[in-house]
Amino acid sequence: MQLSEQRVRDVLLTTQISIQEFMDQLAAIRCLANNTRFRILTLIPHKGIAVENIASALNMTSSAVSHQLALLRRHEIVTATKRGRNIIYRMNGESVRGKLVQKILRAVR
């Protein structure tokens with residue numbers, strides 16, 4: 063669905079967010095349109111999961127999974143914590159985008 067520039071401005075005026083924030087939110091939601099990233103997100107439990115475990119479950123390389131997780135991290139959808147030699151990824155329950163994605167995932171499960 064294409065939004066006209068005027069419609070976007072109208073939405074922004076009524077919601078009190080900046081154009082940049084709107085574009086950031088839109089970009090984060092577009093991350094979910096990628097099937098691989100969506101599948102990765104469905105595998106991340108509340109306690110977190112290591113890249114290697116995600117890669118194994120999806121039959122992908124750790125490098126490919128890390129690349130997708132880096133994008134999700136840039137959009138504040140997931141967080142990463144180093145634990146020994148592993149990086150553990152969790153859903154970001156602190157950010158607005160992370161909370162939105164969690165709601166979307168609950169709705170489709």
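Residue numbers (the working numbering): 63 to 171. C-beta: ideal position from N, C-alpha, C; glycine also. Note that the structure is predicted; figures quoted are calculated from it, not measured.
Sequence-distant residues of its chain with Cβ nearer than 7 angstroms to residue i (five each side left out)
i	result
cysteine 93	Arg99, Leu133, Leu134, His137, Ile139
isoleucine 166	Leu94
Residue i classed as buried or exposed, judged by whether at least 16 other C-beta atoms fall within 10 angstroms
i	result
threonine 159	Residue identity check: residue 159 is arginine in the sequence provided, not threonine. With 16 or more Cβ atoms within 10 Å of its Cβ, arginine 159 is classed as buried.
glutamine 130	buried
isoleucine 81	exposed
alanine 89	exposed
Beta-carbon proximity check, residue i vs residue j, cutoff 8 angstroms
i	j	result
leucine 103	valine 170	no
alanine 112	asparagine 148	yes
DSSP state of residue i mapped onto helix, strand, coil
i	result
isoleucine 102	helix
lysine 109	coil
isoleucine 116	helix
asparagine 148	strand
alanine 89	helix
alanine 95	coil
For residue j and residue i, believed in contact at Cβ under 8 angstroms, the rounded distance
i	j	result
leucine 105	alanine 126	Not a contact, Cβ separation roughly 14 angstroms.
glycine 110	arginine 168	About 18 angstroms separates the two Cβ atoms, so there is no contact after all.
6 angstroms Cβ shell around residue i - same chain, five flanking residues per side excluded
i	result
serine 42	This structure cannot settle anything about residue 42, because the visible part of the chain is limited to 63 through 171.
Cβ shell of residue i (< 8 angstroms), same chain only, five flanking positions each side left out
i	result
glutamate 114	Ser124, Asn148
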